[in-house]
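Chemist:
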Amino acid sequence: MILTLTAHPSLDRTLELAAPLARGEVQRAVGVRNEPGGKGINVSRVIAASEMPTRAILPAHDGDPLLTALRGVGLEIDAVGVSGDVRTNITIAEADGTTTKINAPGPALDADAVDALTGLLLDRAADAAWVALCGSLPAGVPDDWYRTLADSLAPLGCRVAIDTSGAPLTAAVAGPVDLIKPNETELAEACGLDPAVLRAALAAGDLGPIVAASQTMAERIGGSVLATLGATGAILTTTGGSWFASPPPIVPRSTVGAGDSSLAGYLIAATRGDDEPGRLRSAVAYGAAATALPGTQAPRPEHLDLAHIPVTALSTSPVQAGSPVPTIPTPTGLSPE
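Reading the sequence shown from the start, the letters are residues 831 to 1167 in the numbering used here.
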């Protein structure tokens, strides 16, 4: 079973436009989707669609519209009651796949809610192969909460994946983690690097700086780094080497939830015992499939194009900064994450 925690859940409303977004003008949407959201919830929805056991833990009061929506899609959930409804996030998706997202603040969590979520997570983790701690932290939650949870989960025998950013990510990587899933900006910030340097290297098709930063982070946490790079694909780095996979050609609809689907793809493959290249291929397949679907719709196995995802071994030993790494051209047909 794969257990997820979403500390900052949401209801996601996606508006699809036939023309580019025009600021200050009145435009008509050609499609509207309302779906339950939040990083961990998205991960669990993808895993459930693959018919693998999963459970999502989140803060929401009984009767919250989010819980109604989640029960409607058949997801197994555990909720800790809080005051106030979950936030609503707005996504504007243009016809060419350009995505604009506006995230609202959610209700603050008090100490009692944090303690209740912690206790529930540790109790459910006894049956989990993986626990994924996902997303931003709402007001009232300490920045090091994911780090504290990872330490508490360590004796239970499950593996821990963390997908967050900013101060919570910096705190999380101060100790052991089995897997983190940053993009290039989050990776740079966690390593204390200038994000512009990694973004410029990625734009130039030079994966060397990203591989070096990933290797530094893999050594620090004693685990794996799945660096999702939007249109370019993804790099998986362990203390033993790095692999790169590029996505298949697709027609992009929405990038919202693509990174969450990539994490789900990795966890699905890891749980069934795939090796590192197989885990990376699955991650990229699920991320690409999500991008080709509207809104935050969860991709299913039949949406995957595994046959057209090449995986390249970048190194068979730890990569050091300055080591030669192939220059990989950025493919077309997939919008950035």
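Just so you know, even glycine gets a beta-carbon here, dropped at the ideal spot from N, CA and C.
Here the structure is a predicted model, which means the values were calculated and not measured.
Comparing C-alpha positions only, which one of L1134, L1056 and G1060 sits nearest to Y1096?
Modeler: Walking along the sequence shown from the start, residue 1096 turns up at place 266. Ranking the options by Cα distance to Y1096, first place goes to L1056.
Chemist: Near G1108, which residues of its chain fall below 7 angstroms by C-beta distance, leaving aside the five closest residues on each side in sequence?
Modeler: For the purposes of this step, residue 1108 is identified with residue 278 of the sequence shown, where counting begins at 1. Closer than 7 angstroms at the Cβ level, and outside the excluded window around G1108, lie A1099.
Chemist: Along the chain, where does the beta strand (DSSP E) containing A1168 start, and where does it finish?
Modeler: In this structure the chain extends from 831 to 1167, so residue 1168 is not present and cannot be described.
Chemist: Quick one: residues in its chain with C-beta nearer than 6 angstroms to the C-beta of A969, no 5 flanking neighbours on either side, listed in chain order?
Modeler: Translated into positions along the sequence shown, residue 969 becomes position 139. Closer than 6 angstroms at Cβ, skipping near neighbours: A938.
Chemist: State yes or no: is the beta carbon of A941 nearer than 8 angstroms to at least one beta carbon in chain C?
Modeler: The chain inventory of the structure shown lacks chain C, comprising one protein chain alone.
Chemist: At what residues does the alpha helix (DSSP H) containing K869 begin and finish?
Modeler: Sequence index remark: in the sequence shown, residue 869 carries index 39 (1-based). Per DSSP, K869 belongs to the alpha helix (DSSP H) from K869 to A879.
Chemist: Starting from E846 and walking both ways along the beta strand (DSSP E), at which residues does that stretch end?
Modeler: Here residue 846 corresponds to residue number 16 of the sequence shown, with the count starting at 1. E846: member of the beta strand (DSSP E) spanning S840 to E846, first to last residue.
Chemist: List the whole-angstrom C-beta distance separating A886 from I871, where the pair is believed to meet the contact cut-off of C-beta under 8 angstroms.
Modeler: Numbered from its first residue, the sequence shown carries residue 886 at position 56. Numbered from its first residue, the sequence shown carries residue 871 at position 41. Yes, they are in contact, since the Cβ atoms of A886 and I871 sit about 5 angstroms apart, within 8 angstroms.
Chemist: Kindly indicate the opening and closing residues of the beta strand (DSSP E) around R1109.
Modeler: The sequence position of residue 1109 within the sequence shown is 279, counting from 1. Careful: R1109 lies outside any beta strand (DSSP E), inside the alpha helix (DSSP H) at E1106 to T1121.
Chemist: I'd like the span of the alpha helix (DSSP H) that includes P1039, first residue to last.
Modeler: The residue you call residue 1039 lines up with position 209 of the sequence shown. Looking at the DSSP string, the run of the alpha helix (DSSP H) that includes P1039 is G1038 to I1051.
Chemist: Can you name the start and end residues of the beta strand (DSSP E) that R885 belongs to?
Modeler: Taking the sequence shown and counting its residues from 1, the one referred to as residue 885 is at position 55. T884 to P889 is the span of the beta strand (DSSP E), which, as asked, contains R885.
Chemist: Which word fits E1132, buried or exposed, when buried means at least 16 other C-beta atoms lie within 10 angstroms of its C-beta?
Modeler: By one-based count along the sequence shown, residue 1132 stands at place 302. Counting Cβ neighbours within 10 Å, E1132 comes out exposed, since fewer than 16 surround it.
Chemist: Return the CA-CA distance between G1163 and I922, expressed in angstroms with no decimal places.
Modeler: Along the sequence shown, one-based indexing puts residue 1163 at 333. Along the sequence shown, one-based indexing puts residue 922 at 92. With a pLDDT of 32 at G1163, under the threshold of 50, the modelled position of that residue is not reliable, and the figure given next carries that caveat. Near 19 angstroms, if we compare the C-alpha coordinates of I922 and G1163.
Chemist: Taking A849 as the reference, give the member of T978, T1142, L986 and D926 with the closest Cα.
Modeler: Locating residue 849 in the sequence shown gives position 19, counting from the first residue. Checking every option, the nearest Cα to that of A849 belongs to D926.
Chemist: May I ask which residues mark the beginning and end of the beta strand (DSSP E) holding G820?
Modeler: Not covered by the structure: residue 820. The range shown for the chain is 831 to 1167.
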